[in-house]
Structures are given as C-alpha cells and as structure tokens.
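Heads up, the thing below is written out as structure tokens.
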Amino acid sequence: MTTVTEEPTTTLKRGYVGQSIPRKEDKRLVQGLGTFFDDVRRHGMGYVHFVRSPYAHAKIVSIDVSKALELDGVYGTLTGDEVAIHTDPFFEMSVEPGGNIKDYALAVGRVRHMGEPVAAVCAATRELARDAADLIEVEYDSLPVLVDAAESLKDEVVLHDEAGSNVVWSGVFNWGDIDEALAEADHVVKIDRLHFHRFSSTPLECAGALVEYDKGTGEWTLTCNHQMPGVGAIWMAPALRTGIDKLRFVTHDIGGGFGNKICLHPQYVVLCLMARKLGRPVQWTEWRTDQHTANAHGNERTFLDVEVAVKADGTMTGFKVKALDDCGAFPRYEPLGCIIWAQVTPGLYGWRNIRVDFTQVCTNKSPVSPNRGYSRMQHLWLTERIIDIVATELGLDPVEVRKRNYVKAEQMPYQTPNGCFYDSGDYAAALDIALDLIDYGSIEQRRKEAASRGKLLGFGIGSTLDSGTNNFGQSTLLNPELQFSGNNEAASVKLDIFGEVVVTIGTVPQGQGHETTAAQVVADILGCSPEQVNVRRGHDTWFNSHAGFSGTYASQFAFTGLGAVKGAAELVREDMIQLAAAVLQAPVEAIELADGFARIKDGPEEAALPFMALGAIVNANNAFLPPDFNPTLNHRYVCRPYFGMVDTEKKTGQLTLTYATQIHAAVVEIDPETGDVEIVDYAAVDDCGIRINPQIVEGQVHGATAHAIGAALSEEFVYDEEGTLLTANFYDYHVPHAMDMPPLKTGAMESPSPVAPLGAKGMGEGGGGGIHCIGAAIQDALRAAGGAIVYTSCNPPHRVWSMLQDPEATRANVEVVSK
Amino acid sequence: MGVPARSRAISLEVNGEQVEMEVQARRLLVHFIRDDLGLTGTHVGCDTGNCGACTIHLDGEPVKSCMMLAPQADGSKIQTVEGLAAEGELTALQQAFNTHHALQCGYCTPGMLMSATALLERNPRPTEDEVRYALQGNICRCTGYVNIVEAVVAAGGGSA
Amino acid sequence: MLLREVDYARPATVEEAISLLATYDGARALAGGQTIVNVMKARVAAPDVLVDLADLDELRAIGFSSDGLLEIGAMVTYAQLQGSSEVEVARPILAEVASTIGDVQVRNRGTIGGNVCVSDPTNHLPPLLTTLGATFTIRGESGERTVSADEFFIGVYMTAVGEGELLTKIGVPPSSGAGDGFAGLTIGKHGTYVVNAAATISGDAVRIALGCVGATPVRATAMEERLAGSDFSEESIRSAADGLGASLDPPSDVHGSADFRRHLAEVSAIRAVSQAAERRKGA
C-alpha cells in the first residue's frame, strides 16, 4: 500500500521522470543471464584461497608453505613477509595515534582478529586451493585479546605497536552551549550507557575478484565487485607502488553492497601480487563464513554519560554524550565514521546545544566498513533513544514530544548548529501519514485486546534522515592535513552512428536500478523513450567516465550521479539541436527533440531528422559541416556540487547536500513468557523529494526496513572472550526470511530538494528507522511489565526476557534531575 | 554397483539436454552446474545451505544445489534458471518479477524464481502466506520480500 | 564450502549398503545430505567414504506393520511425511512438525533417518519421536535389532547405529486417541530451536521430552509423574512444570543463557502438554 499525500511540485519537465517504469536491468537478471564477478572465467585461471587466523590476537611465529607447494595443481603461495617486501602499508586517514597504524594486505608478524588472512595459495581448482591451504603450517603464539572497546581504551594491551595506543582518533565536538542549556533546563535526563551493536547488511553475493596482470604494460585488470573503485584505487596504487591508471576496475552486475564492498583493497592487493608473481589470472571468491568473520562489520558504538536538557513543556534544548566507537582490528575507511554522524547532529530536532566527545578504538574483532546508514544510523539511534527515554521518564507522549521538538516545515531550509542545511521536508506531516497507516487511534484498544491474549503490545516511532552526497572535506575535521574536499561524479552520453543513445555512468550500482533511472532522465532530455537509451552496465575505469570518488555510496546517485547524466545529456541535446538547425536550415529556437526525432516545431512532416540521421552525419558523414561548427554528440560531464570549505576550528560546514526523511512506526507484540517479539503492524513513510522512479524508491524503503528489522531483532555479530565470532554464518546470524517479515505499509511525500539538479534527494540507505521504532515499541510494551528501558539496538528474545526478569537493571541506567 | 571411488561418471538431463561427465565425488552440485556446465545463473550466497540462491529443480522439486554432491544428481533431471525461458520468452513469473520490481541486485532472483516456479506448478493460485512459506528457504537482502511475494501472487492470478 | 576428497558409492540394495559400511573404514551413510554435506563443507567432519542411500527404494516407504505400527523408512523425506495419508491418519503430529523443519528445499531432501542419526540436540524429531514411543530398526551384517528412543539417542551426533550398521526404519505407534503437542522457541520462523518440547498424552499418562537442553532428548519425568491422572487444566499443567527448569543443565550460547533455557524448558513443556491435552480424544 502506498499513500502519497502531496502532489509533486517542480519546475522540471516531467515525462519519464516520476514514472514507475519497470527496470531495464531485470530482463537479463530474471533469466540468470546477469554477469557477476564469479561468472567470469579466463584461460589458465587459478583459484585463490586464504589461510586465516584461528586466533583473535597472536604473534605469527612461522609459516611453512612447503607441503602446499608439493601438492599437484598448486600454482603458488603468498605470505605476509612477501607482502611486506613488495608493498607499502595502506594509507591511513587518521592523525596520530591511529595514523601510525601499519595495515598490510596480509598479516605481517601478528594477527589481530579471527579470520585475518595470513597467507594465500593459488591452485588449479577451488577445491585444490583449499586443500593446499590446509597444508600450510602456521605457528602462532597467542596474545591477550581485546573484545570490549572500554577495555581497549585502557591501553593495557596495545594492538598496534607503531601507534602505541588503541585509540584511532578522538576529539570533541561542541556546538552551542550545552552547559548553559543543562543549567537552564527544568529537567536533566541522564542515561549512563546505551549500546549500538555490531551487524552488517551481509549482501547476498560475497566479495571477490578476478585479477589479470599484463606484464607488458604493468597493468592490472580487476573484474570485481568493489562498490567504490575510485577510493579502492587510492588505497591500492600507492601500496602496490604503481600509478592509479595501472589499476583497471571492471564491474558488471554486483550482488548487493550496502557499503560492505568498500574495503576490499587488502584482498585485492593480494590478488594483484599473486597474479604478477604467477603470471596467470587469479580468482578469489569469498565464502559467507569468511565474510562474516573478517570483512566488513558495521560500526559498534557505545554512548556514555548522556545528559539531556529538557524544558517543562517537553522541549529539549540539547544533549551531551561520550561516544566510544569500536572499529575492530584496522581502521581502513575509518576514522571517517568519527565525523560522518555529524551530518545529522541534532537528528530531526531543533536542538541547538550539542557536545559529543568522540573516541574510536581498535579491538580484536573484524574490521568495520561503511554499512547502510553508515555512522549516521548509530547517531540517529541515540537521538531517537533520547526522545523515547525522555518521554518515558517524564511521562510525555512520544508523538507530541516529537512534534514539539521536530524542525518545522516553515524553518526549511534549516541550518543545524554545525552548519549543515536540511534542505526541505515536513517531519510532522510525514509522522501523521505513518500514524494514519498504522491506525494510531486504535492503539490502546489493540493493547487491551493483546493483553487479553497474554501479549504485551507496544507502539514506537523512528524518525530518521538519510543525508545524501558526502562532502569529503569533512575528513579535514579529523585530520586537517588531508587534501580532500567536496565530491563529484561523472557520466558520458553520446549519440552513436546508428542513432543509439549510449550512457556511461561512473557510479557502480549494486541493485539500485541506475540503468533505468539514468535512462528516464536522458529520455526526457533527448526526447526519446527510455528503451532507446542504452545505459552501459557497471563500471569500467577504461570508459574514462568516472571521478575521484566514483561509486555508489552515501545516497548520492540522485544528486551527483544523475546530475552528471543530466549535464552530459543536456550537452548532447545542445549539439543535436544545433546540428538539426544547420541541416534543416532553421533557427535553433525552432528545433524540438521529441519521439526520437529532431524536428521543426509545428513544421512540415519532412522537416524532421531521426536520431540515426544526426548520429550518422557527425560520426560518418561530416565532410559538409563547416570548419567552425563541430558538434560531437559525445559529452562527458562532471557534476560538482558546491559545498564550500569546512571550518576545522569550529568543526562546522556543509557536510552533505540533501536530507531525505523517513518516519517509521511499528506495533509489536511481546510474548512475555519467551521474550519473542512479533511485529504486527508496520509503516514506513519516505520523503526523498522528487522520486525519479517511485517503484524503485519504494523498493529501497522495503529493503532498508528489512535490514533494520533484522538488526533490531536478531542480527548481531557476537564475540566471546577469546575473540571468536559466534555468529559467523546464516545459521547463527539470523537475517529475516520471507515468513519473518511483517507486511509493510509504505507512504510517501515529495518535498523537492531546492538544491538538487532534479529536485531528487539521495535515498536508499535510510537511517535505520526500523531499529529505532522497534526498540521504542519494545520499551512501550514493557511499560506494563516493569518498565525496562531499551538500552541496546538489538533485542532478540533472550535479551527481552532479561529485561522482563530484571527491569530495574536497565532502569538504574537512567536518572531524572528536576528543578 | 557400488565400489567407492573418488570420481564418478554421471549422466543427467540439464534443462532438457543430456549431459555426461566425469566428476570428482566431492564436487558440489552447484559448482558442477556453474563451473563445469557454465550455467552461472545459479548462485552461491552462503556456505551453510541457508540462503537458497543455488536453488534448482531436481526431478521437478526445488532443492539447494550447494547441499548435494554432483554424483548424487546422477540419473536425475535438473532444471536451472536458464531453463525457465528456454525459448527466450519470459515466463509469467519472470515477467511479474519485472513488473512488480521484485528484484534489486538480482543475486537471489534465480533461486527465488526456482522456488516460486515450483510452488506455482503445484499450487497455481497461492495466497500470500503460501508464497512466504514456499520462499522461506530463499534469502533476499534487498527487497524485504514485499515485492517478491506480490509478484508471485500476481503471477498466480491473485492480487497481494 | 569445499569438501575434502571423499570416495562415493551408490549401492543398489540395503545389503550392499551395509556391506560397504562394514567394509570401509570411515564410511558413512549419505541420506538427504542436508546436514552431512554442510558439515563436510566446513571440513569439520570428513568421512572417507560416503555410501549414498538414494537408490534404496525400500527405505523410502511409509506403511503399517502387521500389528498396526506406522513404519517409516529411514529415507522418507520431510516432504513425504507432510504429504503422507498414512501419517495423517496414524500420527499427524509427525507431518505437522516436519512441515516446520528448515524450508521447502530442505524438506525435499532431508530425511527422517538423517534427522535422527545426526542427533543434533536442536533437531525437531528426536524429542518428538521420544514422546511418541518410536522404535528404531537397525540392520547390520549380523542381523536386525530394534531399539527405543531412549536407547537410540546416545549423544551429540552419536546414536545406537554402530559402525557397519544402517538405520532402516522407524516405527511409530498410531495415536489411538492420544494427544500430541510440540512447542518451543525458534530463531526466526521455522528456524533452529533455542528450546523445544514434545508431549504426548495417552489416557492418564503423559510423556514429555525436551530438546536443546542436553546432548539427547531429556525426559521431564518429574513433571510427567505429577501430571499422571491429572485433569490437564492449565493450572495443573503449570504447577506440574514447577522446578523442571532447575532440574536441567542446559548449555549457554549466543541464543540464550542456561537460565533462559531452563525457563524456556518450562514454558515449552507447558505449551506442548496443553496442546496435547486439547488434542487428545475426548478432551
């Protein structure tokens, strides 16, 4: 069910844009004719298997590969010693101490998390490679293990000797005056500890690549599923001591990414070295257990000593918190997560006084990687927990307290205390749609009815923002020496010899339907149908249609990705009009592009040139064109949004561009005897401005919701004291299956972005709305059974049961000091 | 006759064509299909038999090809996703997946289609609950199953 | 994901299968493979020889013995149990529980024999077959023997089936008015059990077995005794479960502490008995 309450208003010409046209990608994918990296074969290709550490922390005493090399069909091996000789450590973004960490493609001398690759072996078949890996003998000397961020902070055991501390980065963000706000507050609500757990989106296709080395040119070709190859190359090329143009990234279809395929550079460097060493193509396919154990977890974050300033009427004026982020064994993409959250500093609320003491540490757990809603989701979970804990403690209505504190529609565009601009939106109106969808008025009646069946019913809201398009300048708030700022994306559009419109995008889609939405945009601009527009699948560095940070991440396709497509299409359109005007001997104002023709408006039927004629003239039959007239019908455009510089002193600036709104509402029933939580009603309302393709937008909302539901109720990477991951596969790490998912109701609003080229805001990541609203609903349900406070983002039955057994244990976390 | 051996000459029908090949006993059926037959539409999404991306039809019934050894398929008839639209014409279900936006990355899709096709063969007009039950063994990480369920119900002529 | 080298044989008769199992060291029967292939993929267990039972049609039959016992061949799949008219008539709980094991694909391959021979403490069928009073027929080169559930389940992955032997069939008494129940908490719908309980009420007697709280199904004997001759009212069932949890020594893991499992054992037993009470004839 979809409810749209507001008619879209935009000055843009609407044709195919705004329509739910079925996706162009699907025809191949429903026939099993997609091409994923593991589908690609090369003659003489070898299969790579990694030998992985069974220890979370240990010295590597020795590695003996001799027995593996004796096995028939084994092509060769690679160890950390060779990696240390042939490569340099990866670039680190942090200042000291984290900036001193040495991160190599294979463990060098020491392993720091279970599953860390210590050696690689290449053989003629997949099975043989694993057989050979079993023959590689590694002697370890175990070291004390850190699995708790608070323990890491003590530095009694240090993971990285070069850094001398487990702290990767720490800093204070202080906007407004929280001390004054707390002093003037009528109530100060204090929360000792909240914990956002470790999980990841676990894309169904694991990581991997086929790597070929060209000895003559020194070039590597990576047929892979890296979702942000621009940044991958920035890491890899210096490590491999080669130029960035020696790394050709090729993607075709990618089986989901969600951020989890951004930090693949260590494994890819191993493949590059192996391909060069062996002089043959090598291929690596990650298995699920390896992915869970040692690839890409989402950031785990603990919030300590929260204090919230609340006025008598329920208005909150700000909060302070100590955030302790656990990035696992190596920072990799970190410490960017130490700042990305600041894109949504006050959440949806008009809070002006916020202080965050942020520290990130290493532990002996899997490294993290951006994960859908990266870093903002953790922070938004805090803001939503604050709202609901304050509401519970002060007896405020969760709907009213939100509406009282939300930034108002009439305040848009709204500048946050740290200088970000919320571009548009009406949060209260979106909340009303969500409440209607779940029939909020009947909640108390349903609560009674559930109670008569022995169930505890609860209702909760999650209000989030999906901030779209990263300003990489925010990295300078972490490390002023970094030479990054802004962002851009490229695309090319050409009209080819037989009239084909060909679009090449720099983005690296993993299911977001870019081939379709780009075609919709181009079709409207060139006056043809989307079927006539061929958007090339995937990414290829050799297309030269990418920019420095090309990729699909940070919900930025709608702005920079489509902005680039639009810009390139408009340049081609200009060429087409000029060419048609010249050929038809008419003024350019008289030419229109429509129905696959360039023609004279209201002119005779023969005064029309099909696209094929235009393409043929420029590409094959151009001798008659005058020397000073050179339409190319082939344009590359780079969309570079304006951000301005960030202020590294005040830690302010425009960290992102657009803000899509998500309001989620859930009704749950808890079985008090088992702690089992069932979602009995659920609504998700999304406002991402102009929807290029509403069906695709809704699909993203469904997917983000499913991820959040899984995270809220079952998905958790749990470690024991030895640093062993206890949920290393889909047996123990339970993701929602078809029967686990409740029916979802969706609603939509369109508050066009005043800053985006198409009025469309980046969307898709969501903000973890389901995690927030389910946690809130559980807390609401528990009011009737001891009033426990939900203190963690993951609440499987055993945890809910614990809260039912000992609600005071969680209540002791919270204190209200009133004037 | 059963003399244990490291490899076995197997003979089976794949998407209507007879295939004969010597395979290692340890070869998983999914790797036989993907690597030996080159039918790469059948995918691998896990290593524990949970995700169902490798679902094929074995003698008409959906099974996970990562939980079978290739020699176990000796003498059987198997159908993979490539066999659904053998003539190039999409089936009603494949068409419905497109119309209802039942796929995003497309990685789980072949397995979903095989499970759903088997359901529709047995129960041409399934309810939403029946569809969810039939797809319980197929994980999708993109769609939240909403549009998949809708597409299968629609392919059966119902409306979700 | 990738298995060690293994030898494979596909015998044509049960006798041949038994002979293979007896002849080769490290030989293991391969039924539906829905557990063993996974275990081999992880290289946790590595049998040297797999004896595939696929061609042994006599193990795929469901029928009745001359004395009315429901006989289920070891190679009968969960899907077969779901669709069997014999099961529906004689002991419908078997189909009901089978329909919640794994998923469609697993049910098409997974077998009753495999389920019990794996003897995974979280499996559905061991506690159920325990309360149903099932018997297990094991054949070896020296002949055939039949054992009870208590004798059959020995430990995790260990059963009364010895080397060179094969489980051929499972006998289940028809319900004859008895009521059967099954309850517990799973990880996700139809997922792995955290704790489960099966209960059968036959006349005045009740049998209760718990899964996931020990290496093998654990009989709730004290609760059974307290309920003997009871009216099976909710109150009496609940009070009979008192102390059940405390009597157990369940494992702790990521899905629940031992305490949580003790508690769930009581809840599951109460629910299973209540369901059985509702279903028995004359209830």
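Residue numbers (this note's numbering), protein chains in the order written: chain A, 1 to 819; chain B, 1001 to 1160; chain C, 2001 to 2283.
Virtual Cβ for every residue (Gly too), placed ideally from N, Cα, C.
Just so it is clear, the structure is predicted and the values come from calculations on it, not from any experiment.
Looking at chain B, is there any beta carbon in it that lies within less than 7 angstroms of the beta carbon of residue i?
i: C/VAL2273; result: no
i: C/ARG2028; result: no
i: A/TYR333; result: no
i: C/MET2001; result: yes
i: C/VAL2039; result: no
i: C/LEU2020; result: yes
i: A/THR3; result: With a pLDDT of only 47 at A/THR3, under 50, the local geometry of the prediction cannot be trusted, and no value is derived from it.
i: A/LEU204; result: yes
i: A/HIS297; result: no
Since residue i is in the alpha helix (DSSP H), which residue starts that stretch and which ends it?
i: A/ARG385; result: 376-394
i: A/HIS798; result: 797-805
i: A/LYS27; result: 26-29
i: A/PHE862; result: In the structure as shown, chain A begins at 1 and stops at 819. Residue 862 of chain A is therefore absent and cannot be evaluated.
i: A/HIS265; result: 265-278
i: A/PHE611; result: 611-620
i: A/TRP235; result: 229-239
i: C/LEU2167; result: No alpha helix (DSSP H) holds C/LEU2167; the beta strand (DSSP E) holding it covers 2166-2172.
So which of the options has the shortest CA-CA distance to residue i?
i: A/ALA163; options: A/PRO331, A/LEU593, A/LEU584, A/TRP287; result: A/PRO331
i: C/ASP2007; options: C/ASP2025, C/VAL2172, C/ILE2072, C/ASN2115; result: C/ASP2025
i: C/VAL2049; options: C/PHE2260, C/LEU2030, C/ALA2061, C/GLN2034; result: C/LEU2030
i: A/GLU127; options: B/ASP1035, B/LEU1012, B/VAL1003; result: B/ASP1035
i: B/CYS1142; options: A/THR202, A/LEU194, A/PRO346; result: A/THR202
i: C/PRO2251; options: C/ARG2261, C/LEU2167, C/PRO2092; result: C/ARG2261
i: A/LEU78; options: A/HIS252, A/ASP64, A/ARG198, A/LEU744; result: A/ASP64
i: A/GLY759; options: A/GLN483, A/THR359, A/TRP284, A/ASP423; result: A/ASP423
i: B/VAL1044; options: B/ASN1138, B/GLY1002, B/LEU1090; result: B/ASN1138
i: C/ALA2045; options: C/ILE2036, C/VAL2051, C/LEU2053, C/ASP2052; result: C/ILE2036
i: A/LEU821; options: A/ASP647, A/GLU500, A/VAL40; result: Residue 821 of chain A falls outside the range modelled here, since chain A spans only 1 to 819, and no answer is possible.
i: C/GLU2016; options: C/GLY2033, C/VAL2051, C/VAL2039, C/THR2131; result: C/VAL2051
i: B/ASN1015; options: B/ALA1085, B/VAL1153, B/HIS1100, B/GLY1106; result: B/ALA1085
Taking only beta-carbon positions, decide if residue i is within less than 7 angstroms of chain A.
i: B/CYS1142; result: yes
i: B/THR1099; result: yes
i: B/VAL1146; result: yes
i: B/ILE1139; result: yes
i: B/GLU1013; result: no
Mind checking which residues open and close the beta strand (DSSP E) that includes residue i?
i: A/LYS322; result: 316-326
i: A/HIS664; result: 658-671
i: A/ARG599; result: 597-600
i: C/GLU2088; result: Not the beta strand (DSSP E): C/GLU2088 falls in the alpha helix (DSSP H), residues 2085-2090.
i: A/GLU678; result: 676-687
For residue i, write down the residues that DSSP places opposite it in a beta bridge.
i: A/GLY787; result: Paired residues: none, contrary to the question.
i: A/TRP542; result: None, per the DSSP bridge assignment.
i: C/THR2111; result: C/THR2077
i: A/VAL493; result: A/VAL503, A/HIS635
Any C-beta of chain C sitting closer than 7 angstroms to the C-beta of residue i?
i: A/ARG691; result: no
i: B/GLU1150; result: no
Task: Meets three-Cβ-pair contact criterion under 8 angstroms: the stretch 777-787 of chain A and the stretch 715-733 of chain A - done: no
TODO: Could you tell me whether the stretch 1066-1075 of chain B touches the stretch 1029-1038 of chain B, where touching means 3 or more Cβ pairs closer than 8 angstroms?
DONE: yes
Open item on the list: With a threshold of 8 angstroms, are at least 3 pairs of Cβ atoms found where one atom belongs to the stretch 589-598 of chain A and the other to the stretch 522-531 of chain A?
Closed with: yes
Open item on the list: Within 8 angstroms, do at least three Cβ pairs link the stretch 504-521 of chain A to the stretch 545-556 of chain A?
Closed with: yes
Task: Any 3 or more C-beta pairs closer than 8 angstroms across the stretch 2241-2250 of chain C and the stretch 2143-2163 of chain C - done: no
TODO: Would you check if there are 3 or more beta carbon pairs closer than 8 angstroms linking the stretch 314-323 of chain A to the stretch 142-156 of chain A?
DONE: Segment contact: the stretch 314-323 of chain A against the stretch 142-156 of chain A, fewer than three CB-CB distances shorter than 8 angstroms; contact not assigned.
Open item on the list: Is it the case that the stretch 514-523 of chain A contacts the stretch 480-490 of chain A, given that we only count it when at least three CB pairs across the two stretches are under 8 angstroms?
Closed with: no
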